[in-house]
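Q:
2 protein chains.
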Amino acid sequence: MTQANILDPLPSLYIGIDGGGSKCKAKLVSDDAKFVGVGISGRANPVHGMETTLESIVDSAHKALADADLPRRALRNVIAGIGLAGVNLPSLFEQVNNWPHPFKEMHLTTDLHIACLGAHAWQDGSVIISGTGSCGISMIDGKTKMYGAHGFPLGDQGSGAWLGWKAIVAALLASDDLGPATVLTDRICDYLGARPRGIADAMANQPPKEFAKLASIVFTEAKSGDAVAVSILEEGVSYLDSMARKILTDNPGRLSLLGGLRSEITPWLAEDVKNTLSDPIHAPEDGAIHFAKTESANANKKAG
Amino acid sequence: MTQANILDPLPSLYIGIDGGGSKCKAKLVSDDAKFVGVGISGRANPVHGMETTLESIVDSAHKALADADLPRRALRNVIAGIGLAGVNLPSLFEQVNNWPHPFKEMHLTTDLHIACLGAHAWQDGSVIISGTGSCGISMIDGKTKMYGAHGFPLGDQGSGAWLGWKAIVAALLASDDLGPATVLTDRICDYLGARPRGIADAMANQPPKEFAKLASIVFTEAKSGDAVAVSILEEGVSYLDSMARKILTDNPGRLSLLGGLRSEITPWLAEDVKNTLSDPIHAPEDGAIHFAKTESANANKKAG
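For the protein sequence lines, the chains are A and B, in the order given. Just so you know, the first sequence maps onto residues 297 to 600 in my numbering. Just so you know, the second sequence maps onto residues 297 to 600 in my numbering.
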């Protein structure tokens, strides 16, 4: 207990955490800019595992502390802003929000919200994310409106998991001679080392992350003009195009495309959508740090 | 131990078990036709839970024994033929086949195989099943060829789970104003008591059986001409039509449509496919009993 006192003179510490279907990124900063650290851990989407999600959050935070040369016990001095995939589902928000977390304070919101805050430097704006999953948000006068974010396989059209899943479906149709066999469907079988009836065995009950790993094959073959790959990609992109046009009717100002598939997807977007895109200013983790600071200040104002 | 001896004079007992995504049906017969019983238990698709599957198998057998006024311990005198969904996946076949089962003998095959044996009274023929899942099989000169049976959400187009899932996807697109809102999408929200953003919360990680429950809404609204319901049903049926045409190229003789959606789906099939359908002669459980008898006789021939 006395040992903890060496932390007392620490400046205010904030951590911004961005948790999604493939990884969890944490960024630590101090008010005096003396401490800075980052940490990356495994997947953190509570739809596909609450325990893993909470472990990834704590692990990414521990790594960020270590990166800033701070001991693990400094976590109890940290004000955390956490943006998580999946917590747009009310039951999951409640579960994570009631978690006996190890931080001084925890402020929870969606991964979309922190991404939007970061991308437009806390100003009005909108983002579409295509990573393991897909979703969109517009933020006008502090009010947010969400699109998608329903999770695979209910939604997430145009995401990595969705593209990979469509490729699996196509490979299975080809294996039954009920759909065209192309280079894409061949490469999917090769990748899984399972042809053809072992494909479903390899992919049954796999998390979205495993499907998303196949997305790069879809992009590669679509670039080579593979008819099945092109049609999968066009269907996914048409969903993202519709979402972008819908978001723009809200006049949110800037629109950014984010997520792991950003650079691969962009060339396939419709011209009118591509022309409206702006580059993001800050990262989602920075948005999460901003969220932690403002929510903490608001809470203290209310309390005081 | 001595108590078991009262069972010794029992005639040969056979049980046929048909296990699928929604239920597990068992039928018990004795060689002298003195004992007959049936039992129905819960879902038994090892893709979505090995433990539940094995429990359902044993439970359905216990119920069939009770129905025939036989004690549970008579199970050790029973030669079982089991047709299971999902065991076309090699790893699942191995797991179930190596299970320390409570029967005298257990002979395992797919639900498709026993359905085909039953439908055509152990003669050559073919079946398409549309129930919780979807699949097809042709059986010519004892050689079987399978189509589909890849499991939801990788395959199972035109099945109950697939139709229900498509309705959920449509309801979510409508909730984002990224797809048409119709009576179907409204009724899906009503059914789930969740509008609109709770839909994904209600259905995330649900087993195929829960999606299949929504299929009846799709049929009802398609009959009323709901554009979204009709388009979902037409897409699913077109897969089953293709499968039927593919199977018929093998010249298997009779083709039957089976499964829980049989009567609802039939009117939507293409005319050329509808005209080739024959009514099934026996039930899948009867096919499983036949399978148990022939496999047991073959095994004893080899051993002897």
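Even glycine gets a Cβ: it sits at the ideal position worked out from N, Cα and C. Computed from a prediction, not measured in an experiment: that's the story for all the values here.
Pick helix, strand or coil for Lys330(B), following the three-state DSSP scheme.
A: coil
Q: Taking three-plus beta-carbon pairs below 8 Å as touching, is the stretch 415-428 of chain A in contact with the stretch 516-527 of chain A?
A: Taking 8 Å as the limit for Cβ pairs, the verdict is that the stretch 516-527 of chain A does not touch the stretch 415-428 of chain A.
Q: For the stretch 399-439 of chain B, list the beta strand (DSSP E) runs that are entirely contained and at least 3 residues long, ordered along the chain.
A: Whole beta strand (DSSP E) segments, 3+ residues: 401-406, 421-426 and 430-436.
Q: Mind checking the stretch 339-372 of chain A against chain B and listing, in chain order, the residues whose C-beta falls within less than 7 Å of any C-beta there?
A: Val343
Q: Throw me the rounded Cβ distance for the Val465(A) and Leu450(B) pair, which I believe falls under 8 Å.
A: 6 Å
Q: Considering only the alpha carbon of each residue, which of His409(B), Pro342(B) and Pro367(B) lies closest to Tyr443(B)?
A: Cα-wise, what sits closest to Tyr443(B) is His409(B).
Q: So Leu361(A) and Leu350(A) are in contact, right, with Cβ under 8 Å, and what is the actual spacing, rounded?
A: Wrong, their Cβ atoms sit about 17 Å apart, outside the cutoff.
Q: Just verifying my parser: in three-state terms, what is the DSSP assignment at Asp314(B)?
A: strand
Q: Alpha carbon to alpha carbon, what distance is there between Ala508(A) and Gly549(B)?
A: 42 Å
Q: In chain order, what residues of the same chain have a beta carbon less than 7 Å from the beta carbon of Pro580(A), not counting five sequence neighbours either side?
A: Asp314, Gly379, Asp407, Ile410, Ala411 and Gly414
Q: Following the continuous alpha helix (DSSP H) through Leu459(A), name the residue where it begins and the one where it ends.
A: Boundaries of the alpha helix (DSSP H) around Leu459(A): Gly456 to Ser471.
Q: What residues in the stretch 440-465 of chain A bring their beta carbon closer than 9 Å to a beta carbon of chain D?
A: Included in the structure are the protein chains A and B, with no chain D among them.
Q: Residue ranges of each beta strand (DSSP E) run of no fewer than 3 residues wholly in the stretch 534-566 of chain A, ordered along the chain?
A: 551-554
Q: List the residues of chain A whose Cβ lies closer than 7 Å to the Cβ of Lys542(B), in chain order.
A: Asp473 and Leu474
Q: What would DSSP say about Val374(B), mapped onto helix, strand or coil?
A: strand
Q: Would Met539(B) pass as an interface residue toward chain A - the criterion being a Cβ-Cβ separation below 9 Å?
A: yes
Q: Could you work out which residues of chain A lie near Ser387(B), taking near to mean beta carbons separated by less than 7 Å?
A: Simply Asp497.
Q: Just to confirm my understanding: we take Pro398(B), look at its own chain, exclude 5 residues before and 5 after, and list those with CB closer than 7 Å. What are they?
A: Val354, Leu371 and Arg372
Q: Just curious, the alpha helix (DSSP H) that Leu480(B) is in, first and last residue?
A: Val479 to Leu488
Q: With three or more C-beta pairs closer than 8 Å as the rule, is the stretch 508-518 of chain A touching the stretch 451-462 of chain A?
A: Counting Cβ pairs under 8 Å, three or more are found: they touch.
Q: Is Leu309(B) close to chain A? Criterion is C-beta to C-beta, closer than 9 Å.
A: By this cut-off, Leu309(B) is not an interface position.
Q: Of the residues that make up the stretch 566-584 of chain A, which ones have a beta carbon closer than 7 Å to any beta carbon in chain B?
A: none
Q: His446(B) and Leu468(A): beta carbons closer than 9 Å?
A: yes
Q: Under a three-way DSSP split, which group does Phe507(B) fall into?
A: Helix, per DSSP.
Q: Kindly indicate which three-state DSSP category Lys519(A) falls into: helix, strand or coil?
A: helix
Q: Expressed to the nearest angstrom, what Euclidean distance is found between the alpha-carbon atoms of Thr298(B) and Ser308(B)?
A: In this predicted model, Thr298(B) has a pLDDT of only 37, less than 50, meaning its place in the structure is not dependable; the value taken from the coordinates is given anyway. So the alpha carbons of these two residues sit roughly 20 Å apart.
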